[in-house]
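Numbering (my numbering), first residue to last: 125 to 283.
Ideal Cβ positions, reconstructed from N, Cα and C, are used throughout, including at glycine.
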Amino acid sequence: TAAVFHIGYSGWYKLARFMGVIQSYKVVDLETEFSNGCFVCTSNADSGFTHAPQIMGHHLPANSSVPALLRAHRNRIRQYLRKNPDVQAISIHSLQDAIESQNRQNAVQCAYRKSIDGTVLQEEMDKIAGPEMQEQGQEVVYEMQRLEDEAEGNREEHQ
Numbered sequence: 125t126a127a128v129f130h131i132g133y134s135g136w137y138k139l140a141r142f143m144g145v146i147q148s149y150k151v152v153d154l155e156t157e158f159s160n161g162c163f164v165c166t167s168n169a170d171s172g173f174t175h176a177p178q179i180m181g182h183h184l185p186a187n188s189s190v191p192a193l194l195r196a197h198r199n200r201i202r203q204y205l206r207k208n209p210d211v212q213a214i215s216i217h218s219l220q221d222a223i224e225s226q227n228r229q230n231a232v233q234c235a236y237r238k239s240i241d242g243t244v245l246q247e248e249m250d251k252i253a254g255p256e257m258q259e260q261g262q263e264v265v266y267e268m269q270r271l272e273d274e275a276e277g278n279r280e281e282h283q
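Here it is in structure tokens:
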């Protein structure tokens with residue numbers, strides 16, 4: 125499947141974009157699902173989050189052209205199929221097929237997040253926050269862990 129979207133801004137963000145403080149993002153995601161439940165994904169945007177082992181994400185620079193993204197994605201599909209000869213790519217024939225494939229990928233990623241207690245890893249927060257916001261990122265991770273611990277304590281009380 126392919127998804128193309130443009131993140132627009134309003135208010136102060138729009139002014140900051142106009143002044144060149146922040147950039148406008150035009151994102152292209154290419155995703156291929158395989159019969160073994162794995163996915164190969166190629167994008168010009170990095171979410172910062174760790175992918176489940178079944179989701180092999182590859183991120184090219186934000187200014188990569190669509191043909192360059194497509195070439196990279198096709199090469200990655202060929203490599204994956206070479207390493208996994210008993211696997212086939214799942215064909216998408218309709219919007220419903222695309223939605224179902226995306227739902228399966230989301231389920232894989234959700235199961236992975238659950239397996240790591242649903243938390244945001246410190247290295248993910250560092251990547252998302254960037255160097256100028258690492259202190260705040262550490263506070264967010266700490267607070268999320270505190271809330272998770274508190275919720276766990278409440279669940280144990282009610283059992």
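Point to revise | Cα-Cα separation between S167 and L193, rounded to whole angstroms | key: 7 Å
Check your understanding: Nearest to G181 by alpha carbon, out of S189, S188 and I201?
Key -> I201
Check your understanding: Helix or strand or just coil, what does DSSP make of E151?
Key -> The sequence shown places Val at residue 151, not Glu. Of the three classes helix, strand and coil, the one that applies to V151 here is strand, per DSSP.
Practice item. Give me the Cβ distance between S225 and E274, rounded to the nearest whole Å; I'm assuming they're in contact under 8 Å. Key: About 37 Å; that fails the 8 Å criterion.
Check your understanding: Taking all protein chains shown into account, do 16 or more other C-beta atoms lie within 10 angstroms of the C-beta of V232, making it buried, or fewer, making it exposed?
Key -> Classification of V232: buried, given that the 10 Å Cβ count is 16 or more.
Review point. Whose C-beta lies closer than 6 Å to the C-beta of H197 among residues of the same chain, with five residues either side of it excluded?
Key: L154 and T166
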